[in-house]
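Engineer:
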Amino acid sequence: MLWTLAGLFGISIILLVISISRTSRAAKAEHNQIDLIHISTMKEINAIQDSIRNIELDIEVVMKEAGVQLSSEDKVFMRDVLDLANRNYSNESIAQMKQVSVEEIEQILAPYRTLQEGRKVANEN
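So in my numbering, the last one in the sequence shown is 161, and the numbering has no gaps at all.
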């Protein structure tokens with residue numbers, strides 16, 4: 037009876053050690069996967085930041101070549117107005133939000149609006 041209990045106790049200790057080692061291996065594998073995902077995400081974020089930086093530099097080059105000199109406040113104002121217009125706000129509501137005249141909003145948005153003149157041609161693809 038004593039030998040049986042000692043044997044069962046010994047087997048339970050061996051099974052406990054095996055279980056702990058397998059659990060630690062699984063935890064290490066999961067930790068490695070998390071690290072790989074984190075690294076790939078950080079690489080993607082850095083690539084996106086680089087592309088945003090390049091786009092900003094391209095915009096500055098184009099604006100300088102076009103002779104457009106805007107202060108940073110004017111750029112932010114125009115960006116906000118264009119964003120609101122793209123979200124289908126009316127010119128009146130944009131003017132009210134930005135506390136400027138409707139004519140000024142229309143003047144800012146004029147180069148970015150497409151004219152809907154004419155009618156559809158019957159054979160147009």
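Heads up, the beta-carbon is just placed ideally off N, CA and C, and yes, glycines get one too. In this text the structure is predicted, and so the values were computed from the model without any measurement.
E128 and V138 look like a contact to me (Cβ under 8 Å); what is the Cβ gap, rounded to whole Å?
Structural biologist: The residue given as residue 128 occupies position 92 in the sequence shown. The residue given as residue 138 occupies position 102 in the sequence shown. Contact holds; Cβ gap of about 6 Å.
Engineer: Can you name the start and end residues of the alpha helix (DSSP H) that N122 belongs to?
Structural biologist: The residue labelled residue 122 in the question sits at position 86 within the sequence shown. From DSSP, the alpha helix (DSSP H) with N122 extends over S108 to N122.
Engineer: Would the stretch 113 to 128 count as touching the stretch 139 to 150 if we require 3 or more Cβ pairs under 8 Å?
Structural biologist: yes
Engineer: Is there at least one Cβ from chain C nearer than 9 Å to A146's Cβ?
Structural biologist: No chain C appears in the structure shown, which is made up of a single protein chain.
Engineer: Please classify I130 as buried or exposed, where buried requires at least 16 neighbouring CB atoms within 10 angstroms.
Structural biologist: Mapped onto the sequence shown, residue 130 falls at position 94. Its Cβ being crowded by 16 or more others within 10 Å, I130 is buried.
Engineer: Could you compute how far the alpha carbon of A62 sits from the alpha carbon of S76?
Structural biologist: On the sequence shown, residue 62 is found 26 positions in, with the first residue counted as 1. On the sequence shown, residue 76 is found 40 positions in, with the first residue counted as 1. Cα to Cα, A62 sits roughly 21 Å from S76.
Engineer: Which residue marks the beginning of the alpha helix (DSSP H) containing R149, and which one marks its end?
Structural biologist: Taking the first residue of the sequence shown as 1, we reach residue 149 at position 113. Element bounds for R149: n/a, residue is neither H nor E.
Engineer: Rounded to the nearest angstrom, what separates A102 and L93 at their Cα positions?
Structural biologist: Taking the sequence shown and counting its residues from 1, one reaches residue 102 at position 66. Taking the sequence shown and counting its residues from 1, one reaches residue 93 at position 57. About 14 Å.
Engineer: What did DSSP end up calling M37 once you bin it into helix, strand or coil?
Structural biologist: Your numbering for residue 37 matches position 1 in the sequence shown. In this structure, M37 counts as coil in the three-state DSSP scheme.
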